[in-house]
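Novice: Take a look at the following structure, please.
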Amino acid sequence: GEAIDLDPYDHSLYSNRALCFLELGAFEKARLDAEECTKLRPDFLKGHLRLARALRLLGACDKALEACRAGLEVERNSKSLRAEYVEAKRALRAQKRKRAIQGDLHDLAAEMTPEERRWKA
10 GEAIDLDPYD HSLYSNRALC FLELGAFEKA RLDAEECTKL RPDFLKGHLR LARALRLLGA
70 CDKALEACRA GLEVERNSKS LRAEYVEAKR ALRAQKRKRA IQGDLHDLAA EMTPEERRWK
130 A
């Protein structure tokens, strides 16, 4: 925090702190710092990577994919961003499967009579 107080326009400080927050599991704080980094320096690849990772770990996979795409505009051949893109895609597919299963279970429960629900419990 002190370094950022001294130079609030240094994108690398936000990027480094975002990495620390990611390692600590403070994903929302990492997201905020990574967003600030990308605002200050939109062409800084690590800012996009850290933003995408934080968003994915927060469960915002659609937004993580957007962050990956923005970073790939900066550097099309980034292996780390391409890998993060794959992870975000996997996580998004898993979220969709989970929601579909939950919907199916909800529908099945709604079709059961009160007696059947008691018997299944």
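First residue of the sequence shown? That's 10 in the numbering used here, and the numbers climb one at a time after it. For glycine and all other residues, C-beta sits at the position ideal for the given N, C-alpha and C. Given the structure is predicted, the values throughout are model-derived calculations rather than measurements.
(1) Could you give the uninterrupted runs of the beta strand (DSSP E) lying entirely in the segment 18 to 99, keeping only those of 3 residues or more?
(2) What is the DSSP secondary structure of G112, counted as helix, strand or coil?
(3) Would you call the CB atoms of L31 and R65 closer than 8 Å?
(4) Which of helix, strand or coil does DSSP assign to D146?
(5) Taking R102 as the reference, give the member of K48, C70, F53, L22 with the closest Cα.
(6) Work out the CA separation of E82 and L22 for me, nearest whole Å.
(7) Shortest alpha-carbon distance to R91 belongs to which of A61, T47, C46, G112?
(8) Can you tell me whether L74 is buried or exposed? The criterion is at least 16 other CB atoms within 10 Å of its CB, across all chains shown.
(9) Would you report the Cα separation of M121 and Q111, rounded to the nearest angstrom?
Specialist: Result, derived from the coordinates:
(1) none
(2) Reduced to three states, the DSSP call for G112 is helix.
(3) no
(4) The chain is shown only over 10 to 130; residue 146 falls outside these bounds and no answer can be derived.
(5) C70
(6) When rounded, the separation of the alpha-carbon atoms in L22 and E82 is 22 Å.
(7) The option with the nearest alpha carbon to R91 is A61.
(8) buried
(9) 16 Å
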